[in-house]
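Undergrad: Attaching a single structure in structure tokens format; questions to follow.
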Amino acid sequence: MKSVCGIYRFVKDVNFMLKLEKPFYHFLLFAVTFLFIRIIAVYTSFADVIFPGINYFFAKIGSKFSSIFPFSLGDVFYSILGLMIIIFIVKIIIAVIRKNWLKIKKMISILFIGLTIIILIFHFFWGFNYYKTPIKEYYNSEKINTEELKRLAEFYLKKSIETREFVYENQEGVFTVSLTPEELNENILISSSNLKKYNELQLERITKPNLKKSLYSEGFSYMGVLGYYNPFTAEAQYNSKMPDTKLLFTKFHEVAHQWGFAAESEANFVGFLIGVQSENKEFNYVSNYKALRSLLNKIIWEDPIYVQIMLTAYSTKMKKDREYELLIQEKYLHSADDTFSMLNEAYLQLNNQDGLESYGQFVELLVGYHRKHNLP
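Note that my numbering numbers the sequence shown so that position 95 is 458, with each residue one more than the last.
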């Protein structure tokens, strides 16, 4: 009898030790998975050669599925995920208070298993796009001086003034998009065929735009969030509370993410090309206006007086649009903007980007684009 009890205690002790080791094994699995992703992303041509086909496959399936729903499935997904995280944290706290170490270890195991699954799905659905050869590698954007930026700013001011004359506006004289969602998607697809002539984009296969109005547009406005792309549902989310000058360009930007341009600067650049390569005047205007604003934001650090002069050179209609943008900005104040910026900075750096600086690199791509294609 004693021997049986001894064996039972031994088996019980071994089982307990295995449970203690499980969190370590699951952490090891997570670490190996993360390392594996980094190795094939950084040290092989997987992201450039093989992944575009995988990305297209998952984006097409995800887009077809999520487009069935008239609301943002991605917002619902993140809401559920957020709720699960809160519940998980509460359970951890309760387990710590009760000193239930076995349960804590079990939950740590669950955490690492969950993280492993998420990073695998994220990267194979979309995340490897961060490791593709950057567009800037195809451009000469070295030694950019302020005078060159000023010439471009004046070029895009002229284009903005010209195209602003041919777009719709509301009763207050503010630019308003007249296109239906179906017309918008159709025009984006037409424009995409013009983008394929630029070899540096490697835009071979694209999916139909899957644009969704975010359920959290009001909250996003206070955070300064214009939109986001959800790789799990293949939806391009946008903040519907923005002025149409920013709203339409944000849609271009998020569609560029959907097409596999992960870096913020590249999504801005491809979004810009969607607009300027279109025959639609509304598309033309918002892209010209975006380029102008970005250039002035860059120049202001070197010559703020010049920027003030350029702002006074806006046409009356453009000034109306800018006044409305400032009105919306003042309404929301971006009170949570600093917190969001820190979170976004961490996310970008984790995914092989230069943090928030990557947003400003759009101007470098714009200059390189003009140089490469001998544009004014």
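By construction, the Cβ of each residue, glycine as well, lies at the ideal position given by its N, Cα and C atoms.
So Asn593 is in the beta strand (DSSP E); what residue range does that whole segment cover?
TA: Run containing Asn593: Gly590 to Asn593, per the beta strand (DSSP E) assignment.
Undergrad: Pull the bridge partners of Glu549 from the DSSP assignment, please.
TA: In DSSP, Glu549 forms no bridge with anything.
Undergrad: With respect to the alpha helix (DSSP H) encompassing Lys469, which residues constitute its N-terminal and C-terminal limits?
TA: That run of the alpha helix (DSSP H) goes Trp464 to Phe488.
Undergrad: Just checking, does the stretch 638-652 make contact with the stretch 667-674 on the three C-beta pairs under 8 Å criterion?
TA: Verdict: no, contact absent.
Undergrad: Does the stretch 658-666 come into contact with the stretch 593-613, if we say contact requires no fewer than three beta-carbon pairs (one atom in each stretch) closer than 8 Å?
TA: No: fewer than three Cβ pairs fall under 8 Å.
Undergrad: My output table needs one value for Lys576: the three-state DSSP class, helix, strand or coil.
TA: Note: Lys576 maps to strand in three-state DSSP.
Undergrad: Please identify the residue among Pro433, Val730, Ile480 and Phe487 whose C-alpha is closest to the C-alpha of His389.
TA: Looking at the Cα atoms, Ile480 is the closest of the given residues.
Undergrad: Pairing CB atoms from the stretch 511-519 with CB atoms from the stretch 721-735, are three or more of them under 8 Å?
TA: Yes, they touch.
Undergrad: Would you report the Cα separation of Gly536 and Asp684, rounded to the nearest angstrom?
TA: Their Cα atoms are separated by approximately 8 Å.
Undergrad: What three-state label does DSSP hand Tyr561 in the structure shown?
TA: Tyr561 falls in the coil class under three-state DSSP.
Undergrad: With distances taken Cα to Cα, identify the nearest neighbour of Asn533 among Pro606, Val588 and Lys571.
TA: Considering only alpha carbons, the answer is Pro606.
Undergrad: So, for Leu392: in the same chain, excluding its five sequence neighbours on each side, which residues have a beta-carbon less than 6 Å away from its beta-carbon?
TA: Result list for Leu392: Thr479, in chain order.
Undergrad: Considering only the beta carbon of each residue, do Ile498 and Glu563 sit closer than 8 Å?
TA: Their beta carbons are under 8 Å apart, which means Ile498 touches Glu563 by this criterion.
Undergrad: Measure the alpha-carbon distance for Lys468 versus Lys385 and round it to whole angstroms.
TA: The straight-line gap from Cα to Cα measures roughly 8 Å.
Undergrad: Who are Leu601's beta bridge partners in DSSP?
TA: Note that residue 601 corresponds to Tyr in the displayed sequence, not to Leu. Tyr601 is bridged to Lys576 and Gly590.
Undergrad: Note down, in chain order, each residue of its chain lying with its Cβ closer than 6 Å to the Cβ of Tyr502, except the 5 sequence neighbours on either side.
TA: Here the set comprises Gly731 and Lys735.
Undergrad: Less than 7 Å between C-beta atoms, sequence neighbours within five positions excluded: which residues of the same chain meet that for Tyr579?
TA: Cβ neighbours of Tyr579 beyond the five flanking positions: Asp438.
Undergrad: With 16 as the cutoff for other CB atoms within 10 Å, does Asn651 come out buried or exposed?
TA: Counting Cβ neighbours within 10 Å, Asn651 comes out buried, since at least 16 surround it.
Undergrad: Could you pull the start and end residues of the alpha helix (DSSP H) that Asp438 belongs to?
TA: That run of the alpha helix (DSSP H) goes Leu436 to Ile460.
Undergrad: Decide if the stretch 606-615 is in contact with the stretch 634-643; the criterion is three or more beta carbon pairs, one per stretch, under 8 Å apart.
TA: Yes, the stretch 606-615 touches the stretch 634-643.
Undergrad: So within the stretch 505-534, which uninterrupted alpha helix (DSSP H) runs reach at least 4 residues, ignoring any that extend past its ends?
TA: DSSP runs (the alpha helix (DSSP H)) wholly in the stretch 505-534: 509-527.
Undergrad: Count the other CB atoms within 10 Å of the CB of Asn602; is the residue buried (16 or more) or exposed (fewer)?
TA: Buried, by the Cβ-count rule.
Undergrad: Which residues in the same chain as Leu729 place their Cβ atom closer than 8 Å to its Cβ, once the five residues preceding and following it in sequence are excluded?
TA: Around Leu729: Leu515, Phe632, Phe635, Ala654, Ser657 and Leu658.
Undergrad: Exposed or buried, which one is Glu665 when buried takes at least 16 other CB atoms within 10 Å?
TA: It is exposed - the Cβ of Glu665 has fewer than 16 other Cβ atoms within 10 Å.
Undergrad: Measure the C-alpha to C-alpha separation of Gly477 and Phe538 and round it to an integer number of angstroms.
TA: When rounded, the distance between both Cα atoms is 46 Å.
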